[in-house]
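Asks:
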Amino acid sequence: MSWTRRRCLRAGLGLGLGAVAGCILPDRPGPDVRHPVFPLGPMPPARGSQGILRVGAAAVDITPPEGSPVWLAGYGFERPMMRVHDRISARALYLDDGVRRVALVVADVVGLSLAAAARVRQLVGPEVAVVVASTHNHQGPDTLGYWGPAILHAVPAETGIRPGYQRGLERRLAQAVARAAWSARPARLAAVEARVPPGRVKNLRDPDDVPETMLVLQARSLSGAPIATLVNAACHPETLGDRARLLSADFPGPLRDALEAGGGGVGVFVNGALGGMLTAAVPDEADVQERLTFARAMGEALAGAALGAVSGAPTLPGPTPVALVTAPVELAGGSDLYAFLERTGLVEAPARGPGGGLMTEVGRLSVGPVAFGVMPGEPTPRVGRQVQAVLREAGFAFTGVVGLGDDELGYLLDPAQFDDPAFGYEVSVSPGRGAAPALTAALSEIHSKR
Ligand SMILES: [Zn+2]
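So in numbering that gives the first Met the number 0 the end of the sequence shown lands on 449, straight run, no missing numbers.
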């Protein structure tokens with residue numbers, strides 16, 4: 000997340016909220032978003048046989064209707080959607096080894112809480128274990144609640160979540176999983192570390208720490224035709240900037256389009272360790288049109304590099320067992336900002352553990368020699384490397400990070416970064432100094448317990 004008005008926000012935290020609410024709040028967006036009924040079909044029965052990998056993939060549109068009252072998420076408060084520039088979607092990848100059925104669904108939104116992920120899992124049902132992630136799109140609807148109406152544009156006063164949209168979104172994510180499962184067929188996988196094209200991503204905090212590689216995973220039918228291509232790269236989808244009032248998928252949209260146009264099957268983009276602060280290398284002075292052009296070129300360049308690298312990669316030798324293992328983690332501490340937003344009811348109250356800390360979850364999604372650490376927020380690149388080291392230690396040859404996986408708790412920093420003034424903003428929007436170590440330790444225990 001990025002708040003360009005964060006100083007206003009933090010200054011505003013000291014204001015009495017109730018005294019001035021109601022008289023200076025904007026009246027747009029107005030009524031709730033109305034979606035057409037979206038039927039949720041049944042999950043297919045288990046059809047796999049042990050030792051045979053089956054893979055399916057699907058895309059489901061999650062664009063709010065043009066003209067509907069939606070607050071855009073990710074920068075300052077009360078940014079209304081003025082029009083739809085390009086459509087947003089959710090992408091699901093389904094993996095079934097005949098014993099276990101696992102899915103990853105990724106939505107073009109700013110983030111989804113653990114509670115929202117739990118509702119999606121409930122809609123899917125117990126047969127399929129699901130990771131619910133977000134691309135961290137800064138041109139999509141508010142799905143966390145932070146970006147709604149604010150007093151003097153500074154003190155948040157109402158949730159930015161439109162309940163009608165949110166309910167429809169959660170059903171669509173479950174539907175994406177079901178569609179991916181129905182489409183599953185025998186498959187083989189190819190995995191490769193591809194080079195991130197230079198000049199597309201920059202690190203605002205540590206300019207020398209820009210990831211040079213991205214993990215690319217491709218599922219192919221037994222005849223060799225790609226079913227899906229997944230790109231796991233790290234960058235904030237905030238290319239369009241805070242002045243844009245457009246609904247857009249940002250660079251992940253053209254990235255997936257280019258994967259599909261290039262014959263990669265269903266395109267899936269999974270954001271990685273993007274925190275503190277990987278963002279598009281678009282010039283600061285660029286206007287919205289130039290930013291749209293940059294986002295398109297960036298998406299196409301990443302897709303081109305991914306397809307170029309994976310197309311020559313051999314399929315992985317079997318067997319390719321599938322697993323999703325999750326572990327609950329209680330996080331002590333957190334920022335004053337979180338406590339404030341929680342007290343106001345702007346965001347859905349998270350579960351609390353026996354020690355009073357935030358309850359969240361860490362996970363490991365694996366298929367054969369490929370594993371992803373599922374992190375409930377925005378790990379910095381340094382924390383991302385720690386996650387990958389844990390996975391390599393557990394024996395996985397290809398490792399990735401699912402950022403904003405099953406929760407969005409803000410920035411996940413290495414403890415040393417808490418003492419670095421360059422990370423002042425990230426520290427203010429973080430679940431605490433001990434969060435990343437607790438999560439990586441829990442991820443490590445997943446291996447040692449098995
Ligand atoms: Zn962010």
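Ideal placement from N, C-alpha and C gives every residue a C-beta, glycine not left out. All of these numbers come straight from a predicted model, not from anything done at the bench.
With DSSP run on the structure shown, which of helix, strand or coil describes L24?
Replies: In this prediction, L24 scores a pLDDT of 42, lower than 50, which makes its location untrustworthy; no coordinate-derived value is stated.
Asks: Taking only the alpha-carbon atoms, compute the straight-line gap between S447 and A326 and give it to the nearest angstrom.
Replies: 13 angstroms
Asks: Does the Cβ of A441 have 16 or more other Cβ atoms within 10 Å, making it buried, or fewer, making it exposed?
Replies: buried
Asks: With DSSP as the reference, label Y164 as helix, strand or coil.
Replies: helix
Asks: If you draw a straight line from the C-alpha of L188 to the C-alpha of G303, how long is it?
Replies: 19 angstroms
Asks: Could you tell me if I445 is buried or exposed, where buried requires 16 or more neighbouring beta carbons within 10 angstroms of its beta carbon?
Replies: Taking all protein chains in view, the Cβ of I445 is crowded by 16 or more other Cβ atoms within 10 Å, so the residue is classified as buried.
Asks: Could you tell me the alpha carbon to alpha carbon distance between V281 and R53, rounded to whole angstroms?
Replies: 40 angstroms
Asks: Go ahead and label L301 buried or exposed: buried means 16 or more other beta carbons lie within 10 angstroms of its beta carbon, across all protein chains shown.
Replies: buried
Asks: According to DSSP, is M213 helix, strand or coil?
Replies: The three-state reading of DSSP puts M213 in strand, counting E and B together.
Asks: E259: beta carbon under 7 angstroms from a heavy atom of ligand 1?
Replies: no
Asks: Alpha carbon to alpha carbon, how far is A322 from R391? Give it in angstroms, no decimals.
Replies: 16 angstroms
Asks: For the region 258 to 266 against the region 368 to 375, do three or more pairs of beta-carbon atoms, one drawn from each stretch, fall closer than 8 angstroms, so that the two count as touching?
Replies: no
Asks: Go ahead and label M276 buried or exposed: buried means 16 or more other beta carbons lie within 10 angstroms of its beta carbon, across all protein chains shown.
Replies: buried
Asks: Could you round the C-beta distance between G274 and P378 to whole angstroms and report it? I think they count as a contact, below 8 angstroms.
Replies: 5 angstroms
Asks: So G159 and G167 are in contact, right, with Cβ under 8 angstroms, and what is the actual spacing, rounded?
Replies: Not really, about 16 angstroms apart at Cβ, beyond 8 angstroms.
Asks: Please identify the residue among R244, L172, T134 and E126 whose C-alpha is closest to the C-alpha of G465.
Replies: A query on residue 465 cannot be resolved here, the shown segment of the chain reaching from 0 to 449 and no further.
Asks: Use the C-beta contact count for M297: other C-beta atoms within 10 angstroms, 16 or more gives buried, fewer gives exposed.
Replies: buried
Asks: Could you tell me whether any non-hydrogen atom of ligand 1 is closer than 7 angstroms to the CB of E157?
Replies: no
Asks: Measuring from the CB of E347, is there a heavy atom of ligand 1 at a distance below 7 angstroms?
Replies: no
Asks: If we count Cβ pairs, one from each stretch, closer than 8 angstroms, do we get three or more for the region 174 to 194 versus the region 92 to 104?
Replies: yes
Asks: Does DSSP put P349 in a helix, a strand or coil?
Replies: Reduced to three states, the DSSP call for P349 is coil.
Asks: Consult DSSP for L403 and reduce its assignment to one of helix, strand or coil.
Replies: coil
Asks: Is S443 near V389, with beta carbons less than 8 angstroms apart?
Replies: yes
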